[in-house]
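In order, the protein sequence lines correspond to chains A and B.
So in this note's numbering, spot 263 of the first sequence is number 263, and the numbers just go up one at a time.
So in this note's numbering, spot 401 of the second sequence is number 1401, and the numbers just go up one at a time.
These notes are about the structure you will find just below.
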Amino acid sequence: MASPRRAAVVGANRIPFARSNGAYARASNQDMLTAALDGLVARFGLTEERMGEVVAGAVLKHSRDFNLTREAVLGSRLSAATPTYDVQQACGTGLEAAILIANKIALGQLEVGIAGGVDTTSDAPIAVNDDLREVLLEANRAKSTAGIVKALAGLRPGQLVPEIPANREPRTGMAMGEHAAITAAHWGIERTAQDELTARSHQNLAKAYDAGFFDDLMTPFLGLTKDNNLRADSTAEKLGKLKPVFFPAGGDKTEATMTAGNSTPLTDGAATVLLASDEWAAERGLPVLAHIVDAETAAVDYVHGDEGLLMAPAYAVPRMLERNGLTLQDFDFYEIHEAFASTVLATLAAWESPQFCKERLGLDAPLGSIDREKLNVHGSSLAAGHPFAATGARIVPTLAKILHENGGGRGLISICAAGGQGVVAILEA
Amino acid sequence: MSHDWYSDFVNSGFGRAVAGNVGLPPVPKLRRWEPGQPLLSGAALLGTATADGRVAKIVRAVLADAGVEVHEDPAAPIGGGSSSSKVAAAIVDATGLSSPRDLAAIQQFLTPVMRRVGPSGRILVIGDVPAQAERPAVRAARRSLEGLVRSAAKEARYGATVNLVHVADGAENDIESTLRFFLSSRSAFVDGQRLDVGTVPGYAGSSAGTDWDHPITGKVAVVTGAARGIGRTVAQTLARDGATVVAVDIPAAGDALAHTANDVGGTALQLDITGAGAGEAILEHCRRHGGVDIVVHNAGITRDKLLANQDTDRWNSVIDVNLNAQLAINDVLLASGDDDGFHRGGRIVTVSSMAGIAGNRGQTSYGASKAGVIGLVEATAPLLADKDATINAVAPGFIETAMTAAMPVGTREAGRRLSSLTQGGLPVDVAETIAWFAQGASYAINGQVLRVDGQNYLGA
Ligand SMILES: NC(=O)c1ccc[n+]([C@@H]2O[C@H](COP(=O)([O-])OP(=O)(O)OC[C@H]3O[C@@H](n4cnc5c(N)ncnc54)[C@H](O)[C@@H]3O)[C@@H](O)[C@H]2O)c1
């Protein structure tokens, strides 16, 4: 089979990420996604231009936002003739959206498209609990006023308690951090290693800001010009003073390692990335930062099986490497999403483990270790924050620009997602 | 922008009566340009001071092309009206003066004109360049025009302006864009000023075929400080006139910048112009448009402090943004290739300030930087002539922006009222002047500094 053409990463725009209930407390997903799109339009002169498609999504979504991306495009300066659709793959949404666009470009079905993601934990949809919902639906179905009154008469105070979405796995009832804590304990991931990784994330992100790295990747929003979770003066020592907040169920509390510092905070934000064919970019004199080479997804059974909730990328990467005839060491840069510092470390430990690689991946030899100097060189989610669906659309252009500035090279993206899923991809410049 | 209550008041029926009784100056509503507007709203009078005048011919040709009815007798009735019926403009060909005695002819022409020129009317005097005269009597006569024009501008009423254009020897056919600017409402807030045409040798260009409603069609224009204020309006005005705009501002102003860029269908470049490599970053961005034709150095800051309280960090930040950044970017433009860099026939327009000419209390750093801009323009003009390019500056006076809205009331009112047009200018007045300098047809205007200040009395 002739290999199809590769989609180019042309550029991107995101808004700074904001800690929950802070700078963007009153912004909706639609507001943020529209702002991110308009910044992209401005950067690349796309006013009234028709994109092949815009694909984006949000993890926490109001029911009125069923057509979130379309509404954002209609509110943006793009041509209203731009078709869209929403996707949702938890924390993998932004990367999956980019893969979907890239694949259509590769097949020649699109010349240009925008992938994105947005999330707000501040303007989260609040649902009425199921009891109240049943009462209200009953009242709605009632044909007479008397019927409505009768239905509503059944209301009790307990039914009025709203259901606020939590970062919990529906099938285990456990918070994502609790799942991660189990995995951290399983792999013996030490507190100091987590804090060091976290401090490095903050320091690297701060350096990237100082160097102007984000000047053409970001547009300020609602008074914010930088991710406000960033602590430029963060050190492992300071992080070492924080109290643990996530505990492995049934485990020894004194051995807990995961703190609010080495876990990503709830965050609001939106990110977009412009993908195109090389021809489309060349016609407009736009640079090609990198190409999307391949992608893979995986899922693990964290409910009945004994795999960690966030370990799916450990399975996705080797499958993708195999298909491309690459080893884990054949990369110049690695972008491993920092859901928790321990997640990154557990994934690396798994790839280094002969037992895991043999028993779980069916490999004769372990994938081995990576040069940690090549990991998340401009910081990642621990410092920037993690508006779930936006993260992939933050990482793709970050890595693409790193490769471009490097004068070429190959990079690996790995993102874990709720529901025991993982999305990974290879970029080359 | 702070609201001009005074203007509202004296323009109300009651206010007009009160103002008339107590002698408050009236605030005329200035006619401003919009696409499709005729060059003049009525007839024009054309006078010649001597038989040796060399510009009347081109003036006649331009007025004819613009469909303007022209009369030569300043006292003659026009269009069935009386001898006092209004005219939209009066133009004096004051070239060829041989002694100050010749000035009387200009007086005789202008005396009836002063009462006939209508609201937002235009009086334009065109003379020879004084420095090009060797005999004292000739040079004196030529130089006299400036005093006459500046004084007449202070007498003209109802938004009428009086300006002077000097035409270098042999440049008489190179003044079309200048005539059109000064006669049209694009020059609404330029009053009592002088501009020299053709004074930097070696210029080249043509105004033939110019679409005067869209005179910079197809050009690529960079505007610094475009997120807000004057820069934002410059971006809109250049886009209106046909250019593709690259809007530049600091990353922290990126959201407002994106609005500007999207409003004008251009692109946004988040860039601190004081950073190393700023010029290269601008050229790199413009490569997608195939290079750049127009660069407007508008970004500027004030860090006001009395000299007695000044500190060097504040001082340097003003000099860096307002002056050093422009110098560094110009170096890069000048060194760039014609094909995908700063194009042959390019235009640089920079923003000086009244404070750089007259000085301002508390503004030693700002005044220094803005006076420095004038030196920059003068020295760069001959360097650009090789590229058929030009560089010019506008020196705005009191312009209604967020910057002036933040002034104390007294200073603000003085800034507005103490000028011949008795009001503050609008950002668009500065933008129109910049857009005119940016025209390909303005090829003979180089090294000029034009005040856009309604003939502000401060340092006039
Ligand atoms: N408003 C007036 O009355 C007046 C009078 C005379 C001269 N001026 C001059 O006109 C120009 C525009 O003035 P304004 O009133 O619109 O001011 P403004 O402050 O509203 O706008 C200036 C813009 O320049 C940008 N800027 C500042 N430093 C920059 C840098 N390092 N890199 C990139 N962009 C930068 C700012 O972010 C801002 O958006 C300035 O040069 C000013 O000195 C203004």
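Glycine is no exception: its CB is placed at the ideal position from the N, C-alpha and C atoms.
- About 15 Å separates the beta carbons of B:A1395 and B:I1445, which is beyond the 8 Å limit, so they are not a contact pair.
- Counting of Cβ neighbours within 10 angstroms places B:R1135 among the exposed residues, the total staying below 16.
- The three-state reading of DSSP puts A:Q421 in strand, counting E and B together.
- Look at A:L412 here: in three-state DSSP terms it is strand.
- The alpha carbon of A:I415 has as its nearest neighbour, out of A:T267, A:N376, A:K401, A:P287, the alpha carbon of A:N376.
- Taking CB atoms only, B:L1238 has no neighbour in chain A less than 8 Å away.
- Within the model, the alpha-carbon separation for A:A384 versus B:A1188 is close to 50 Å.
- When distances are taken from the beta-carbon of B:A1253 to the heavy atoms of ligand 1, the shortest one is below 7 Å.
- CA-to-CA, the gap between A:A236 and A:E338 works out to about 16 Å.
- The three-state secondary structure of A:V118, taken from DSSP, is strand.
- Membership of B:V1234 in the alpha helix (DSSP H) is indicated by the continuous run 1229-1240.
- B:T1390 is bridged by DSSP to B:R1347.
- Under the Cβ distance rule, A:G407 does not count among the residues neighbouring chain B, no pair being separated by less than 8 Å.
- Between B:P1396 and chain A, the shortest Cβ-Cβ separation is not below 8 Å.
- At a cut-off of 8 Å, the C-beta of B:G1375 has no neighbouring C-beta in chain A.
- Counting along the chain, the unbroken beta strand (DSSP E) around B:V1125 starts and ends at 1117-1128.
- Contact note: B:L1283 does not reach chain A at a C-beta cutoff of 7 Å; the least C-beta distance is about 12 Å.
- Sequence-ordered contacts of the region 1278-1309 of chain B with chain A read R1287, R1288, H1289, G1290 [C-beta pairs closer than 8 Å].
- Judged by beta-carbon spacing, A:V303 lies within the 8 Å limit of A:T172, meaning their Cβ atoms are closer than that value.
- In terms of beta-carbon proximity, B:G1266 lines the interface with chain A, with at least one pair separated by less than 8 Å.
- Per DSSP, the continuous alpha helix (DSSP H) segment holding A:I182 begins and ends at 176-186.
- Using a 10 angstroms sphere on the CB of B:G1424, the tally of other CB atoms reaches 16 or more, which defines it as buried.
- Close partners of A:T47 in chain B (Cβ separation under 7 Å): N1262, G1265.
- Counting along the chain, the unbroken alpha helix (DSSP H) around A:Q355 starts and ends at 354-359.
- DSSP places B:T1404 in the helix class (H, G or I) of the three-state scheme.
- Listed in chain order, the beta strand (DSSP E) runs fully inside the region 1233-1314 of chain B are 1244-1249, 1267-1270, 1292-1297, counting runs of at least 3 residues.
- In this structure the region 387-406 of chain A lies against the region 79-95 of chain A, because at least three pairs of beta carbons, one per stretch, are closer than 8 Å.
- Nearest neighbour of B:E1034 by Cα position, chosen from B:H1214, B:Y1457, B:A1051, B:I1250, turns out to be B:H1214.
- Cβ proximity to chain A below 7 Å picks out nothing from the region 1028-1039 of chain B.
- Contact of A:T219 with chain B by beta-carbon distance below 7 Å involves G1254, D1255, A1258.
- If you check each beta-carbon in the region 277-295 of chain A against every beta-carbon of chain B, the ones closer than 9 Å belong to R284, G285, L286, P287.
- Shortest gap from the CB of B:G1225 to any heavy atom of ligand 1: under 7 Å.
- By the Cβ neighbour-count rule, B:V1200 is buried, with 16 or more other Cβ atoms within 10 Å of its own.
- By the rule that beta-carbons nearer than 8 Å mark a contact, A:A42 touches chain B.
- Following the DSSP letters along the chain, one finds A:D86 inside the beta strand (DSSP E) bounded by residues 84-86.
- The beta carbon of A:G39 falls within 8 Å of a beta carbon belonging to chain B, placing the residue at that interface.
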